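In our numbering, the protein residues as written are 1090 to 1804. Beneath this line is the structure, given in structure tokens, with notes to follow.
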Amino acid sequence: MNFKKTIVFALFILLTFNSSAQEGYDLWLDYKKINELEYKEKVSSYFSNIELIGNSSTIAAIREELQIAKAGFEFKNHKSGTSNKLIIGTHNNLPVSVKGEIKTDSLGDEGYSIIALEKGETLVITGNSDIALLYGTFGLLREIQQRNNISNLEIEEEPKIQKRVLNHWDNLDRTVERGYAGFSIWDWHHLPGLIKPEYKDYARANASIGINGTVLTNVNANSLVLTPQYIDKVKALAKVFRPYGIQVYLTARFSAPMETGDLETADPLNKEVREWWKNKADEIYAEIPDFGGFLVKANSEGQPGPNNYGRSHVDGANMLAEAVAPHDGIIMWRAFVYSEDDPDDRAKQAFSEFVPFDGKFADNVLIQVKNGPIDFQPREPFHPMFGAMPNTPLMMEFQITQEYLGFSSHLVFLPQLFEETLKEDTYANGENSTVAKIIDGTLPNRELTGMAGVANIGTAKNWTGHPFGQANWYGFGRLAWDPYMKAREIAREWLRLTFSNDEDFVQPMTDLLIDSREAVVNYMTPLGLHHIMATGHHYGPGPWVDNLSRPEWNPVYYHNADKKGIGFDRTTSGSDALSQYAKPIEEKYDSPETTPEKYLLWFHHLPWDYEMKNGKTLWTNLALHYQMGVDQVKEMLSTWKKMEQYVNEQEFEKVRMLLEIQLKEAKWWRNACLSYFQKFSDMELPAGVPEPEHSLEYYKSLEFPYAPGISPSWN
Ligand code: BDP
């Protein structure tokens, strides 16, 4: 190659390399070059002298990660002059010189410790398994990415929740239900032959935040995935994920014995059906010995289930539990049920159906409960089931994909929402029985615990579409590891890993992330309003929708606006859903005066001129909240515009344009909702809230036939 050609080639490499970083593919793992020379000198001295003990595939993964990090940080090889070293090994493998200094008895299987010994000259990452070492390695890299001093580290970390899983609502045709980041990353057609590099990078990203399970398929399940042809494909993915400590799970369609088997029934008490599932489990485990188990959506939104045969959720779940139990598998049985024949408040139905079964599920069943009683809204009170099933392991289901929160167009930092739910007091066992304590097995003490997040990942070059969608994936993982972590802490951490450690960036951007959640609540569903999104795709406002076949699919069902007022009365004078909560909550929320205003219209139907705490009417407050949401997005945009120097050009521009869209849509929400509600309130908009640009008819006429996220399972 002549000189000119070499330069062109070098430029090409640089650009290609840079462009994947620019497009955000590397997530929070892009180990940027360390420019602080003294720091770099010090840290790289440990990295030129690494003792990595063991020879499993996980150890190989650690070695590879260290190499990627070293290259990214641009560490030099120290030839001499330093005695610093990094030892990575399980406790029983550690050299005697350091072994006695460290205890790992309390760290369980996955916990790790990073300790600086010998006056900081020796850094040790240890734990009781190779996976613990991998988590510890990512823990150390996180410290370095944030430029923290590593010579005096004394970290002990153990996950508080056992099953930390992503739920992919991915179909076998690669569409993703409620997916806004392209198609499914699972290229089923080419599996098992073609193993895409994305699979490993997906595993690395998940392991780096402690996620240890992935449900590959949609809860609206396709039984084909249980056939040998697909099991072979699943096996190939499991092989890629295994070194990273990630178990695969599948969704089990309850009618599979009839669809892919040749049985005439799927009755869970039928002997042959039970036999079928046992054999199916044996068949899967023969191929994938560490298979996690099944996630099941049964008798919900048209999915088949035990009720079709007059049997209960307990019958269904326990049958599957029995099939996977010999292999240490688990069943995650979803509590997201509501019936088209039940006229009762939808918010009450899961509780009414499941709570009587408390204590009746097999030991390897987790009941997966959404964070709120309706459906992943911008804000919901916590699901009352969390306070009412002391004898059943309940796992949390959060939604990371933003089905009701602006898809991948809106910047909304979800850990703020997650934290709000986790901190709520259920009073299940007296005061301070928070949701976090219920799901992490503190109350009552139990081993089997879990947290699921409906993934926002797709084939988009940056995985999540919106660059800030990555923060929600990251934050979910961190909270599944430690449900007591603060959203603010997570925001800071993610910003520093992903963009920059400069406080002039980190501080304002942390505020932006934290405020973004309240902004979306304000411009979509303030003061406890919920489920007023447009039909089907749930994109944009649709408070007027009243023509869907099932009453509880219609927004009018939820807001109940009429001349008299607005809101869902869930007190004793209404649906009485409030009585599903513990006494202290029930008593407090029974009166609108003592109900937190953020939940006001969730629990009460109130007159438009109801006087709120600030002395203004409900109508005025509603309008001002919508306006505040718009103003908050304006603020987000103006903050972002000051951040140009800290982020690469592509991402800067992309986020700027997306924030412009968000601002436009926040105004759309405000205008559409206020025009519609004003028909009933018959009151003037308060000062500071502009008249809507268009007529109500205009807002009603908007249609989005190809809005993403609708999957064929609904057709
Ligand atoms: C709703 C979604 C629907 C899901 C359902 C579920 O609109 O696509 O299938 O939840 O969680 O939020 O099963």
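No residue lacks a Cβ here, since even glycine has one placed at the ideal position from N, Cα and C. Here the structure is a predicted model, which means the values were calculated and not measured.
Item to check | Phe1106, buried or exposed, once every other Cβ within 10 Å from all chains shown has been counted against 16 | outcome: Only weak support exists for where Phe1106 lies, its pLDDT of 46 falling under 50; the value from the coordinates is given anyway. It counts as exposed.
Checklist entry - On the three-state DSSP scale, how would you describe Ala1436? => result helix
Next on the checklist: Can you tell me whether Leu1126 is buried or exposed? The criterion is at least 16 other CB atoms within 10 Å of its CB, across all chains shown.
Outcome noted: exposed
Checklist entry - With DSSP run on the structure shown, which of helix, strand or coil describes Met1701? => result Secondary structure of Met1701 (DSSP, three-state): coil.
Next on the checklist: Measuring alpha carbon to alpha carbon, tell me which residue in Asn1396, Asp1379, Pro1378 is nearest Lys1386.
Outcome noted: Asn1396
Item to check | Cβ neighbours of Ile1139 in the same chain (closer than 6 Å, five flanking residues each side left out) | outcome: Hits under 6 Å: Leu1175.
Checklist entry - Straight-line CA distance for His1245 to Pro1685? => result In the sequence as presented, His is not what sits at residue 1245; that position holds Glu. So the two alpha carbons sit approximately 38 Å from each other.
Checklist entry - What residues are listed by DSSP as bridge partners for Val1265? => result Asp1259
Checklist entry - From which residue to which residue does the alpha helix (DSSP H) around Ser1273 run? => result Premise fails: Ser1273 is in no alpha helix (DSSP H) and is neither H nor E.
Checklist entry - Would you say Lys1512 touches ligand 1, meaning its beta carbon is less than 7 Å from a heavy atom? => result No.
Checklist entry - Just to check, is the beta-carbon of Asn1309 closer than 7 Å to a non-hydrogen atom of ligand 1? => result yes
Next on the checklist: Let me confirm a value: Ile1456 is counted as buried when at least 16 other C-beta atoms fall within 10 Å, else exposed. Which label applies?
Outcome noted: Looking at its Cβ environment, which holds 16 or more other Cβ atoms inside 10 Å, Ile1456 is buried.
Checklist entry - alpha helix (DSSP H) containing Ser1605: first to last residue? => result 1592-1613
Checklist entry - What is the rounded straight-line gap between the Cα of Val1308 and the Cα of Ser1800? => result C-alpha separation (whole angstroms): 12 Å.
Item to check | Terminal residues of the alpha helix (DSSP H) in which Ala1517 lies | outcome: Premise fails: Ala1517 is in no alpha helix (DSSP H) and is neither H nor E.
Item to check | Simplified DSSP assignment, three categories, for Leu1695 | outcome: The answer is strand: DSSP assigns Leu1695 an E or B state.
Checklist entry - Is it true that the CB of Ser1240 sits closer than 8 Å to the CB of Lys1131? => result Yes, the pair counts as a contact, with Cβ atoms nearer than the cut-off.
Checklist entry - So Gly1617 packs on Ala1623, CB below 8 Å; how close in whole Å? => result 20 Å between Cβ atoms; not a contact.
Item to check | One or two residues paired with Trp1422 in a DSSP bridge | outcome: Val1385, Ile1456
Next on the checklist: Quick test of your reading: Pro1533 and Pro1479, contact by CB under 8 Å. State the CB separation rounded to the nearest angstrom.
Outcome noted: In this structure Pro1533 touches Pro1479 by the C-beta definition: roughly 6 Å separates them, less than 8 Å.
Checklist entry - Ends of the alpha helix (DSSP H) at Gln1156? => result 1146-1162
Checklist entry - Excluding sequence positions up to five away, which residues of its chain have a Cβ less than 7 Å from the Cβ of Ala1158? => result Tyr1120, Leu1230
Checklist entry - Taking DSSP as the reference, what is the three-state secondary structure of Gly1302? => result strand
Next on the checklist: Rounded to whole angstroms, what is the Cα-Cα separation between Phe1162 and Arg1236?
Outcome noted: 11 Å
Checklist entry - Which first and last residues belong to the alpha helix (DSSP H) in which Lys1743 is found? => result 1738-1770
Item to check | Beta-carbon proximity list for Phe1507, same chain, < 6 Å, skipping 5 on both sides | outcome: Phe1487, Leu1568
Checklist entry - Which residues in the same chain as Thr1042 place their Cβ atom closer than 7 Å to its Cβ, once the five residues preceding and following it in sequence are excluded? => result Because the chain is modelled from 1090 through 1804, residue 1042 falls outside the range shown and cannot be assessed.
Next on the checklist: Along the chain, where does the alpha helix (DSSP H) containing Leu1584 start, and where does it finish?
Outcome noted: 1576-1587
Checklist entry - When the Cα of Leu1409 is compared with those of Trp1633, Trp1366, Glu1390, which residue comes out closest? => result Trp1366
Checklist entry - Nearest CA to the CA of Asn1703: which residue from Leu1695, Leu1713, Thr1728, Leu1315? => result Leu1713
Next on the checklist: Assuming the contact rule is C-beta atoms closer than 8 Å, Val1302 and Arg1253 should be a hit. Round their C-beta distance to whole Å, please.
Outcome noted: In the sequence as presented, Val is not what sits at residue 1302; that position holds Gly. Sure, about 7 Å apart at Cβ, within 8 Å.
Item to check | For Pro1630: DSSP bridge partner residues | outcome: Met1622
Checklist entry - Where do the N-terminal and C-terminal ends of the alpha helix (DSSP H) with Gly1228 fall, by residue? => result 1219-1234
Checklist entry - In terms of DSSP beta bridges, what is Met1540 paired with? => result Arg1253, Met1485
Checklist entry - Does the Cβ-Cβ distance between Tyr1398 and Asp1464 come in under 8 Å? => result The answer is no: Cβ separation not under 8 Å.
Next on the checklist: Within the continuous alpha helix (DSSP H) that includes Gly1558, where are the two ends?
Outcome noted: 1558-1570
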